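J.: Can you keep this structure in mind? I'll have questions shortly.
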Amino acid sequence: MNDVLLEVHDLVKWFPIKRGVFGRVQGHVKAVDGVSFSLRQGETLGLVGESGSGKTTIGRLVLKLIPHTRGRIVFEGVDITSMNYSQFRPMKKDMQIIFQDPYSSLNPRMTVGEIIAEPLLVHTNMTQKEREKRVYELLEKVTLRPEHARRYPHEFSGGQRQRIGIARALALNPKFIVADEPISALDVSIQAQITNLLIDLQRDMNISFLFIAHDLSVVKHMADSVLVLYLGKPMEYGKNEDVFVHPRHPYTQALLSAVPVPDPDYKRERIILQGEIPSPIDPPKGCVFHTRCPYATDKCKTEIPQLREVATGHFVACHYA
Amino acid sequence: MNYLIKRVLQLIPTFLVATLIAFILFSLVGDPFEGLRQDPRLASQVERLRRIYGYDKDPITRYFLWIKNFLQGEWGYSIMAKRAVFQVVMERLPVSLSIGIVNTVLATLFGILLGIYSAIHLYSAADYAATALVFFGMSMPSFFFGVMALFFFVVTIPLFNVGLMTPGFHPDIANLFDKTIEYGRHLALPIFILTLLGMGGFVRYSRSAMLEVLHMDYIRTARAKGLPESVVIRKHALRNALIPIVTLLALSLPAIIGAAPITETIFSINGLGKLYIDALGANDIMVLMADLTLTISLVIIGNLLADILYAVVDPRVTLE
């Protein structure tokens, strides 16, 4: 149970900015800048942060959907960063993704059955009959009905479409799934259904999730460990209790104080962050968070804080944590 | 099914209004038979022809007389050819059809392929070259290429022939193979030029359709499934990109009977296009009307076809 499935070392992704007629590179968007984490089998790592913090980019990098700039990704002891697309392709059997937008991520010209069966077609030698059977199984697993296989995606609601996306991701019995904000496009009652479905599937199939979200309460509900990102850099990384009960980084504290609590009488101190998230093209010097941190000192403006282990398995990138 | 019946019934008023407008415009030109009075052999026939085709009555009555006759295959009398219009048009039709069909097939095929190649290799040297070529082809008039081709490949190097694709063309050549070669030498250049000109729209259209589709989330889904890139392109991207292209294809239906009067004239090909130009000069109204009516019919049918095909290729669209 405690085998490490996925290890990411110092992952970096810079998107070049090209301008002018000749497409000269004028700078980089530092979308992901030195992120490391590891994920054990059957566990969930929550990736949280504001929009533009690089969460989605990490999810895509791990599956090699976009090329990385630097760093190492090791899956089941195999370094996948040096592989090319055709070498890596067979590994997609074990590594799948659930996308954020259930409306545009399903091919409108294929039936649900075709969408779900396609991974089986390329990665296995199943016969038509076997594939059909498997599709029905999968649809049942995500609480859809077998006859749905003959319909097209546009005939389904958002929550049902997301279930189709999940069934597709499950088709090959993957060990690892990137869930890229799988519930943020859905309404609240459906969010709960999908979250519970994911938890059930994880328990039944021993899947590891990289769960990307900006809804902290869902991450708290699902994740075994949590990585907080800001401008592509890790701010705090630790087990669920460490981060949610004893947050050490001012950014994490601010995020947690913004989570709505379903109790009107509850009084709490909100930490209101000033200003906007700075541009990842030209991130602040020193600690990237110092422009918005209520406790920032001169040291924060010049010196980059390293990710330190403040307690066993609990890492924080702050000079004063 | 109800929708289809309704849609087909709607074609009738469209057809009537379009032909009525054309008919009235041609009526403004004046009496087509007036010129025949010059010819002493035909002068006695003029009154009879005027009566047959309703030129002794008002234009509206004449229109209904014309449409009644037209639907019965009685398309009028050609002043140029001194024969029935129907005969003249049917003689010319195979020539225009052979150019038009080959040209449309080639233009769509190469246009779509080049557009897709451009989209997949976006901003590569090949993409820029294709774009430049297409814009050059689209912006130059057909007579430029026509005259250049005539000069280089007929006059300077006599590779190809021009002219006179009349009925009974080369009756001396009995061998089918030789006949094909001879036809080819007459038709190759105009077909090539029309393909070059007609391709442009398809290249631009399929390139942008393909680019749009390649940015869709479901393409990323297909890659995440671990499909080989060729399958991602063919099965997921291309099939979706073809939806708008199919419409364009149906709308280009009129091109198959030769929307190429200038090219046909330059190469002296006796097709419908040249017939139209000649008829314009001779004030041969009934030929003009017949030619125009054929084009109108194909435009209308093309539109209907586009609607139907759209529902066939896109499961999200139903004919309601």
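Taken in sequence, the protein lines are chains A and B.
Number 244 in our numbering belongs to position 243 of the first sequence; there are no gaps in the numbering.
Number 320 in our numbering belongs to position 306 of the second sequence; there are no gaps in the numbering.
Every residue, glycine too, gets a C-beta built ideally from N, C-alpha and C.
No experiment lies behind these values; they were computed from the predicted model shown.
Out of curiosity, what's the CA-to-CA distance linking M2 of chain A and E44 of chain A?
T.: Within the first sequence, residue 2 of chain A is the residue found at index 1, counting from 1. Within the first sequence, residue 44 of chain A is the residue found at index 43, counting from 1. Low per-residue confidence applies at M2 of chain A: pLDDT is 44, beneath 50, and the placement is therefore not dependable, though the value from the model is reported in the following sentence. Near 9 Å, if we compare the C-alpha coordinates of E44 of chain A and M2 of chain A.
J.: Against P109 of chain A, what residues of chain B qualify as contacts under a CB-to-CB distance less than 8 Å, listed in chain order?
T.: As a position in the first sequence, residue 109 of chain A is number 108, starting the count at 1. The contacting residues are Y232, N254, D328, P329 and R330.
J.: For a cutoff of 8 Å on Cβ pairs, would you count K82 of chain B as touching chain A?
T.: Numbered from 1 along the second sequence, position 68 holds the residue referred to as residue 82 of chain B. Not one chain A Cβ lies under 8 Å of K82 of chain B.
J.: Just curious, the alpha helix (DSSP H) that Q97 of chain A is in, first and last residue?
T.: Residue numbering aside, residue 97 of chain A sits at position 96 when the first sequence is read from its first letter. Q97 of chain A -> not in any alpha helix (DSSP H); beta strand (DSSP E) instead, spanning M96 to I99.
J.: What residues in its chain sit with their C-beta under 8 Å from that of L308 of chain B, if we drop five residues either side in the sequence?
T.: Position 294 of the second sequence, counted from the start, is the residue given in the question as residue 308 of chain B. Same-chain partners within the cutoff: V103, I271 and L286.
J.: Under 6 Å Cβ to Cβ from Q161 of chain A, same chain only, skipping five residues before and after it: list those, please.
T.: Counting from one through the first sequence, the residue named residue 161 of chain A turns up at place 160. Counting only Cβ-Cβ distances below 6 Å, and skipping sequence neighbours, we find nothing.
J.: Within the 8 Å Cβ cut-off, does R90 of chain A reach chain B?
T.: Within the first sequence, residue 90 of chain A is the residue found at index 89, counting from 1. Output row for R90 of chain A: interface = yes.
J.: Can a CB atom of chain B be found closer than 8 Å to the CB of S105 of chain A?
T.: Residue 105 of chain A sits at position 104 when you count from the first residue of the first sequence. Yes - at least one Cβ of chain B is within 8 Å of the one on S105 of chain A.
J.: Is L7 of chain A close to chain B? Criterion is C-beta to C-beta, closer than 8 Å.
T.: Along the first sequence, one-based indexing puts residue 7 of chain A at 6. It does not; no Cβ of chain B falls within 8 Å.
J.: Residues of chain B with CB closer than 8 Å to the CB of D102 of chain A, please, in chain order.
T.: Working through the first sequence from its first residue, we reach residue 102 of chain A at position 101. Those within 8 Å of D102 of chain A in chain B are D231.
J.: What residues from the segment 237-251 of chain B come within 9 Å of chain A, judged by C-beta to C-beta, listed N to C?
T.: Answer in chain order: R237, A238, K239, G240, L241, P242, E243, V245, K249 and H250.
J.: Whose C-beta lies closer than 8 Å to the C-beta of L289 of chain B among residues of the same chain, with five residues either side of it excluded?
T.: Taking the second sequence and counting its residues from 1, one reaches residue 289 of chain B at position 275. Once the five neighbours on either side are set aside, the close Cβ partners of L289 of chain B are V102, V103, R106, V301 and D305.
J.: Going by DSSP in three states, V168 of chain B sits in which element: helix, strand or coil?
T.: Reading the second sequence from its first residue, position 154 is the one you call residue 168 of chain B. Three-state DSSP puts V168 of chain B in a helix.
J.: Hey, is L64 of chain A's beta-carbon within less than 8 Å of any beta-carbon in chain B?
T.: In the first sequence, the residue the question calls residue 64 of chain A occupies position 63. Closer than 8 Å: yes.
J.: Using a beta-carbon distance below 8 Å, is K14 of chain A in contact with chain B?
T.: Within the first sequence, the letter at position 13 stands for residue 14 of chain A. No, K14 of chain A lies away from the interface with chain B (no Cβ there is under 8 Å from its Cβ).
J.: From what residue to what residue does the beta strand (DSSP E) around M236 of chain A run?
T.: Walking along the first sequence from the start, residue 236 of chain A turns up at place 235. Taken as a continuous stretch (DSSP letters only), the beta strand (DSSP E) holding M236 of chain A covers K234 to K240.
J.: Among A:D4, A:E237, A:I99 and A:V136, which residue has its Cα nearest to the Cα of D231 of chain B?
T.: Taking the second sequence and counting its residues from 1, the one referred to as residue 231 of chain B is at position 217. Closest option to D231 of chain B, Cα to Cα, is A:I99.
J.: With H200 of chain B as the anchor, note down where its beta strand (DSSP E) starts and where it stops.
T.: For the purposes of this step, residue 200 of chain B is taken as residue 186 along the second sequence, with counting starting at 1. Looking at the DSSP string, H200 of chain B is not in any beta strand (DSSP E); the run it does join, the alpha helix (DSSP H), is L190 to L228.
J.: Just by C-beta distance, which residues in the segment 143-163 of chain B are closer than 7 Å to chain A?
T.: Flagged: no residues at all.
J.: Check the Cβ of K93 of chain A against every Cβ in chain B and list those closer than 8 Å, keeping chain order.
T.: The sequence position of residue 93 of chain A within the first sequence is 92, counting from 1. Ordered by position in chain B, the residues that pass the 8 Å Cβ test against K93 of chain A are A238, K239 and G240.
J.: What residue ranges within the segment 154-211 of chain A form continuous alpha helix (DSSP H) runs of no fewer than 4 residues, ordered along the chain?
T.: Whole alpha helix (DSSP H) segments, 4+ residues: 159-171 and 189-206.
J.: Give me whichever residues DSSP pairs with T292 of chain A in a beta bridge.
T.: Counting from 1 along the first sequence, the entry for residue 292 of chain A is found at position 291. Note: T292 of chain A sits in no beta bridge, so no partner.
J.: With 8 Å set as the bound, which would you pick, yes or no: does the beta-carbon of T277 of chain B sit closer than that to a beta-carbon of chain A?
T.: By 1-based counting over the second sequence, the position of residue 277 of chain B is 263. It does not: the Cβ of T277 of chain B has no partner Cβ on chain A nearer than 8 Å.
J.: For V123 of chain A, which residues in chain B fall below 9 Å Cβ to Cβ?
T.: For the purposes of this step, residue 123 of chain A is taken as the residue at position 122 of the first sequence. Chain B residues near V123 of chain A: K239, G240, L241, P242 and V245.
J.: Comparing C-alpha positions only, which one of B:T28, B:L333 and B:I233 sits nearest to I315 of chain B?
T.: The residue labelled residue 315 of chain B in the question sits at position 301 within the second sequence. Looking at the Cα atoms, B:T28 is the closest of the given residues.
J.: Alpha carbon to alpha carbon, how far is K234 of chain A from G35 of chain A?
T.: Here residue 234 of chain A corresponds to residue number 233 of the first sequence, with the count starting at 1. Here residue 35 of chain A corresponds to residue number 34 of the first sequence, with the count starting at 1. Those two C-alpha atoms are separated by around 6 Å.
J.: Counting only the same chain and skipping the five closest in sequence on each side, list residues whose C-beta sits under 7 Å from that of P275 of chain B.
T.: Taking the first residue of the second sequence as position 1, residue 275 of chain B is located at position 261. So the qualifying residues of the chain are G287, K288, Y290 and I291.
J.: Mind reading off the beta-carbon distance from G276 of chain A to T292 of chain A? Whole number of angstroms is fine, and I expect it under 8 Å.
T.: By one-based count along the first sequence, residue 276 of chain A stands at place 275. By one-based count along the first sequence, residue 292 of chain A stands at place 291. About 7 Å separates the two Cβ atoms, so the contact holds.
J.: Which one or two residues does DSSP pair with T45 of chain A in a beta bridge?
T.: For the purposes of this step, residue 45 of chain A is taken as residue 44 along the first sequence, with counting starting at 1. BP columns for T45 of chain A point to A:F210.
J.: Nearest to H10 of chain A by alpha carbon, out of A:V63, A:D4 and A:P306?
T.: Along the first sequence, read from residue 1 onward, the residue named residue 10 of chain A stands at position 9. Nearest of A:V63, A:D4 and A:P306 to H10 of chain A, Cα basis: A:V63.
J.: Taking a contact to mean a Cβ-Cβ separation below 8 Å, would you say V217 of chain B touches V260 of chain B in this structure?
T.: On the second sequence, position 203 is the one that residue 217 of chain B refers to. On the second sequence, position 246 is the one that residue 260 of chain B refers to. Cβ atoms of V217 of chain B and V260 of chain B: not closer than 8 Å.
J.: Could you pull out every unbroken alpha helix (DSSP H) segment of at least 4 residues lying fully inside the segment 93-151 of chain A, listed in chain order?
T.: Counting only runs of 4 or more, we get 113-124 and 129-142.
J.: Helix, strand or coil: how does DSSP classify L159 of chain B here?
T.: Here residue 159 of chain B refers to the residue found at position 145 of the second sequence. The residue asked about is misnamed: residue 159 of chain B is Phe in this sequence, not Leu. In this structure, F159 of chain B counts as helix in the three-state DSSP scheme.
J.: Which stretch, first to last residue, makes up the alpha helix (DSSP H) that contains F150 of chain B?
T.: In the second sequence, the residue the question calls residue 150 of chain B occupies position 136. It spans A139 to S153 - the alpha helix (DSSP H) in which F150 of chain B sits, taken as one unbroken run.
J.: Between G72 of chain A and V30 of chain A, how many whole angstroms is the CB-CB distance? I'm expecting something under 8 Å.
T.: By 1-based counting over the first sequence, the position of residue 72 of chain A is 71. By 1-based counting over the first sequence, the position of residue 30 of chain A is 29. With a Cβ gap of about 16 Å, G72 of chain A and V30 of chain A do not count as contacting.
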